[in-house]
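I have placed the structure first, in the form of C-alpha cells, so that the comments after it can refer back to it.
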Amino acid sequence: MSDLASKSVTPGRDASASAATGYRPSRTLPIVAEIRRQASRRRTQLALGFMVLLPLIILVAFEFGGGNGDDDSNGGGAFSSLVDLATSGGLNFALFCLAVSAGFLLVVVFALFAGDTVASEASWGSLRYLLAIPVPRARLLAVKLVVALGYAFLALFLLAGTGLLVGTLRYGWHPLGSTIAAQIPPGQGVLRLLGILAYLAVILLVVAGLAFLLSVLTDAALGAVGGAVLLWILSSILDQITALGSIRNALPTHYSDAWMGLLSTPVQTEDLAKGAISAIIYAVIFWGVAFFRFTRKDITS
Amino acid sequence: MYKRQLQIVVATSDQAFLTPAAPATYTVAIDGQLTLPTLVGTPIASPAAIYWYVLGALLAVVLLGLAVLLLVRRARRRRRVTAVNAELAETPLVVTGLRKAYKDGFVAVEEIGFTVERGQVVGLLGPNGAGKTTTLRVLMGLTTPTAGEIHVFGHRLVPGAQILSRVGALVEGPGFLPHLTGHQNLEAYWRATGRPWEDARFDEALEIAGLGSSVHRRTKNYSHGMRQRLAIAQAMLGLPELLVLDEPTDGLDPPQIAEMRRVLQRYATDGRAVLVSSHLLAEVEQTCTHAVVVNKGRIVASGPVGDIVGESPSVTIDVTDVPAATEILTGLGVRSVTPDGATGLIVDMNGTPRAELVASLVRAGVGVDRVVPRRRLEDAFLALVGDNSRGSGDR
Chain A
40 MSDLASKSVT PGRDASASAA TGYRPSRTLP IVAEIRRQAS RRRTQLALGF MVLLPLIILV
100 AFEFGGGNGD DDSNGGGAFS SLVDLATSGG LNFALFCLAV SAGFLLVVVF ALFAGDTVAS
160 EASWGSLRYL LAIPVPRARL LAVKLVVALG YAFLALFLLA GTGLLVGTLR YGWHPLGSTI
220 AAQIPPGQGV LRLLGILAYL AVILLVVAGL AFLLSVLTDA ALGAVGGAVL LWILSSILDQ
280 ITALGSIRNA LPTHYSDAWM GLLSTPVQTE DLAKGAISAI IYAVIFWGVA FFRFTRKDIT
340 S
Chain B
4 MYKRQLQIVV ATSDQAFLTP AAPATYTVAI DGQLTLPTLV GTPIASPAAI YWYVLGALLA
64 VVLLGLAVLL LVRRARRRRR VTAVNAELAE TPLVVTGLRK AYKDGFVAVE EIGFTVERGQ
124 VVGLLGPNGA GKTTTLRVLM GLTTPTAGEI HVFGHRLVPG AQILSRVGAL VEGPGFLPHL
184 TGHQNLEAYW RATGRPWEDA RFDEALEIAG LGSSVHRRTK NYSHGMRQRL AIAQAMLGLP
244 ELLVLDEPTD GLDPPQIAEM RRVLQRYATD GRAVLVSSHL LAEVEQTCTH AVVVNKGRIV
304 ASGPVGDIVG ESPSVTIDVT DVPAATEILT GLGVRSVTPD GATGLIVDMN GTPRAELVAS
364 LVRAGVGVDR VVPRRRLEDA FLALVGDNSR GSGDR
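Have a look at this one:
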C-alpha cells in the first residue's frame, strides 16, 4: 500500500470550492468517452458487423439463386419489382438491401442501440456511479441519446454503403430502375437513395424514442429493446386492419413505406412529409417523457 | 436494360358492308418523319406542399423549445451553486433531520442526523434494514429525501450537485462494465468525470485494489472480493476529500479486511474524512474513530468509538445454579438481574465490584463458569433489537 498521507493533496487549499478541481458539469461524460464505452461492447461490434455482412450474404444468395427461373416472388406490387431489379445495378442492389431490412432488421437495430444504452448501465450498477461523479442527469441522457442515435445512423449508412459498393462492383454502375417509373440516371439515383436513407432514419426515430423511454423506465435492457420492437410490430398489425379507418393515420408505422414515393417520377412527397411529422412528434414525446422521468426518479439499481 | 419500343398499328375495319365490291389492296407509308405528340406536364395543385411547411414549423418549435429549456436549466443551476452555508464550509458532511418515506407508506429513514469532521473515520452501524443504505443513497444524490438536508463542505447536496465531485463513493456494491478489464474500467470511469488525467492517481488506487496482474482481466470473471476491492479503488480515484463506503469489507477475507482497515485509517489523515457503513460491531469498533448507531431509521447512539464501546456497568455471568445465584445477587443491591440463556445472567452492577460479586456466589456454593464484562454498544444493541434472534431492523 502506498503512503497516501504523504503524497496526498492538500484538501484545505480551497475548502469552499463548489467542486473538485477540474470538474465542470458540462465536461462530464464527454461524447468521445461514451462512444468508446459503447464501441468496446460486443453487441455494438456485432450489430455494425452484420450491417456490412448482410449485403454480402444477399449477393451470395443471388449468385447461387441462378437465373430468374423461379418467379414465386412476383406477387406484384412495388416490392416485387425491387426484387426483379435488384441485380440490374449497384443502386438497385443497395435499394434492395434497404427494402428488405426496413421492415424489421433496422427496427431491431435502432431499438437495440437506443434501448440498451441506459438500461444496461443500470443493470451493471455503473449508472449510479456515473450519477455520483456527478454527471448531471439531463446531460447523461443527452449524451447517451446522441451516441445511440449516432450508432443507429451509422448502421443504416453502413448497410446502404456496403450494398452500393458491393452491388456496383458486381453489377455495375447503372441507372436506378423501377417498374413504376422511368429510369433515374445514376447521379440523381444516388440523391434518391440518400433521400430514402434520410426518410428511414427519421421514421425509425419513433423506435429509437420508444426504446429510449423504456430504457429509462426499466433496468432490463432486453425489456427495453424487446418492448420497443413489440410495440412497433403491434402498430404494423393494427395498420393493416382497414376497418380502423382514419385512426390508422395516427399509427407510427402508417407511413413507414412512404419512401417508395421517392422511386416514382415525379417524386411523391406528400406522404414523406406526413410520415416525418408523425415520427418527429412521437419521438419528441417519448424523449420528453424519458427526460422528465429520469431527471426526477430515484435511481434504485 | 430496357429499350423503349414504339409500335404503330394500322388496322382496317368493316364498316357495315360499305366497302367497295371489288377487292383492293391499300399500302400505307409514313410521310416523311413520324412525330409523336408531346405534352409538358403541369403539376396538379396539391396540398402536399403544406405538409412540408408544417414539418418545418414543427422542427422550429422543437428546436426553440429545446433552447428555452437549456437556458432555464443553466440559469437554475447557476443559482443553485451559489447557495453556500459558510459555517459548515470546513465540515465534510452534515446530515440534519433526514427522512425518507416511500409512496407505499414505508419509512426507510425516520430521522437521521450526524456530522463527519475532517480526520474522522465514522462508522454508520446498524442491523440490516436500519436505513443505512438509504441514507447513503441520498448522500450520493440517487434518491431524493422526503425531508431533511445534507451539507457537504457547506454546499447543500441535491441530486447531481457539483459538490458530489469531492465525494468518492461505493454504494450497494460495485458496478462495472463487465466486458472491460479492471484497469479499463477505472480509466472509463475517470474519462467520464472529464477531469484532468493526472489527478486520478491510478497507481495509488490500483495499489489499494491489490489485484496484481488480474487488473488486466475482464471484470466479469472477477470474484466478489476482487470486484469489491476494485470498487473501493474506484471510489478513491482522485483522492476525494470525503469517502463514503457501503459495507466495504463485504466479500474480503480476513487479511484483506485488516489491510483495508489500515488504508481507511491512513486515508482519513491530512484533513480527509471517511464514512463507512457496516452491520458488524467489531468492524466499526476496529476501523472507526467515531460511530453512529442506527436502528429502525433512527439514531440510537453516536460519538467517539471509545465512549460508545467503553465498558458498561453490567456483566454476564454463567453460573451452575441460576435460581440460587439470582437470589444471592439480588441481595447484593445490584440494579437488575436478567436471565440470559440456560445458565447465564446479565447483572447490572450499580457500582458493586465484580470481585465481590464472584466471591459472594462462590461462598454460597454456586459455581461460576464465566464472568464477561459487557460493553455499552452491545447493551445498546440488545436494548434496541431486543431478544429477537432475527436481530434485524426489518419492520
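The listed protein sequences derive, respectively, from chains A and B. Taking our numbering, the leading residue of the first sequence gets 40, the next gets one more, and so forth. Taking our numbering, the leading residue of the second sequence gets 4, the next gets one more, and so forth. Positions of the beta carbon are idealized from the N, C-alpha and C atoms, including for glycine.
Under the Cβ distance rule, D296 (chain A) does not count among the residues neighbouring chain B, no pair being separated by less than 8 Å. Here DSSP, grouped into helix, strand and coil, assigns E160 (chain A) to helix. Sorting B:V75, B:L145, B:L9, B:Y54 by C-alpha distance to the C-alpha of P40 (chain B) places B:L9 at the top. Residue environment analysis places L169 (chain A) among the buried positions, since at least 16 neighbouring C-beta atoms fall within 10 angstroms of its C-beta.
Secondary structure at E113 (chain B): strand, using DSSP grouped into helix, strand and coil. For N131 (chain A), the enclosing alpha helix (DSSP H) stretches over residues 129 to 141. Taking 8 Å as the cut-off, the Cβ atoms of V297 (chain B) and T290 (chain B) do not count as close. Taking the C-beta atoms as reference points, A240 (chain A) is found no nearer than 8 Å to L198 (chain A). By the criterion of a C-beta distance shorter than 8 Å, F101 (chain A) is surrounded in its chain by A125, T126, once the five residues flanking it on both sides are discounted. Taking 8 Å as the threshold, the shortest C-beta distance from R221 (chain B) to chain A does not fall below it. Residues M143, G144, V155, L160 of the same chain have their beta carbon placed closer than 8 Å to that of L167 (chain B), with the five preceding and five following residues left out of the count. In this structure A267 (chain A) is buried. Its beta-carbon is surrounded by 16 or more other beta-carbon atoms within 10 angstroms. The Cβ of Y192 (chain B) sits closer than 8 Å to at least one Cβ of chain A.
Nearest to G234 (chain A) by alpha-carbon distance, out of A:A263, A:R335, A:I96, A:L137, is A:L137.
Within 7 Å of the CB of K313 (chain A), the CB atoms of chain B belong to Y54, in sequence order along the chain.
The beta carbon of P199 (chain B) sits closer than 8 Å to some beta carbon of chain A. Taking 8 Å as the threshold, the shortest C-beta distance from P224 (chain A) to chain B does not fall below it. Judged by pairs of C-beta atoms under 8 Å, the segment 161 to 168 of chain A touches the segment 167 to 177 of chain B, as three or more such pairs exist. G200 (chain A) carries a helical assignment under DSSP once its states are collapsed to helix, strand and coil. Around the beta carbon of S226 (chain B), fewer than 16 other beta carbons lie within 10 angstroms, which makes this residue exposed. Among the residues of the segment 48 to 78 of chain B, those with a Cβ less than 8 Å away from any Cβ of chain A are S49, P50, A51, Y54, W55, V57, L58, L61, L62, V65, R76, in the order of the chain. Around V323 (chain A), the beta-carbon contacts reaching into chain B at under 8 Å are V65. Between the segment 217 to 231 of chain B and the segment 110 to 130 of chain B there are fewer than three inter-stretch CB-CB distances shorter than 8 Å, so the stretches are not counted as touching. At a beta-carbon threshold of 7 Å, the residues of chain B lying near G61 (chain A) are R198, P199, D202, ordered along the chain.
Residue burial is scored here from C-beta neighbours: D372 (chain B) has fewer than 16 other C-beta atoms within 10 angstroms and is therefore classed as exposed.
The beta carbon of F179 (chain B) sits closer than 8 Å to some beta carbon of chain A. Between G300 (chain B) and A133 (chain B), the gap from beta carbon to beta carbon is short of 8 Å. Around the C-beta of R82 (chain B), fewer than 16 other C-beta atoms lie within 10 Å, and the residue is accordingly described as exposed. Residue environment for N131 (chain B): exposed (fewer than 16 other C-beta atoms within 10 angstroms of its C-beta).
Counting along the chain, no beta strand (DSSP E) covers G254 (chain B), and no H or E run does either. An exposed status is given to K106 (chain B), since fewer than 16 other beta-carbon atoms sit within 10 Å of its beta-carbon. Listed in chain order, the alpha helix (DSSP H) runs fully inside the segment 204 to 262 of chain A are 225 to 242, 244 to 256, counting runs of at least 4 residues.
The C-alpha of P181 (chain B) lies about 11 Å from the C-alpha of S79 (chain A). A direct Cα-to-Cα measurement between L128 (chain B) and T138 (chain B) gives close to 12 Å. When Cβ-Cβ separations below 8 Å define contact, G202 (chain A) makes no contact with chain B. Judged by their CB atoms, E244 (chain B) and R221 (chain B) are not nearer to each other than the 8 Å cut-off.
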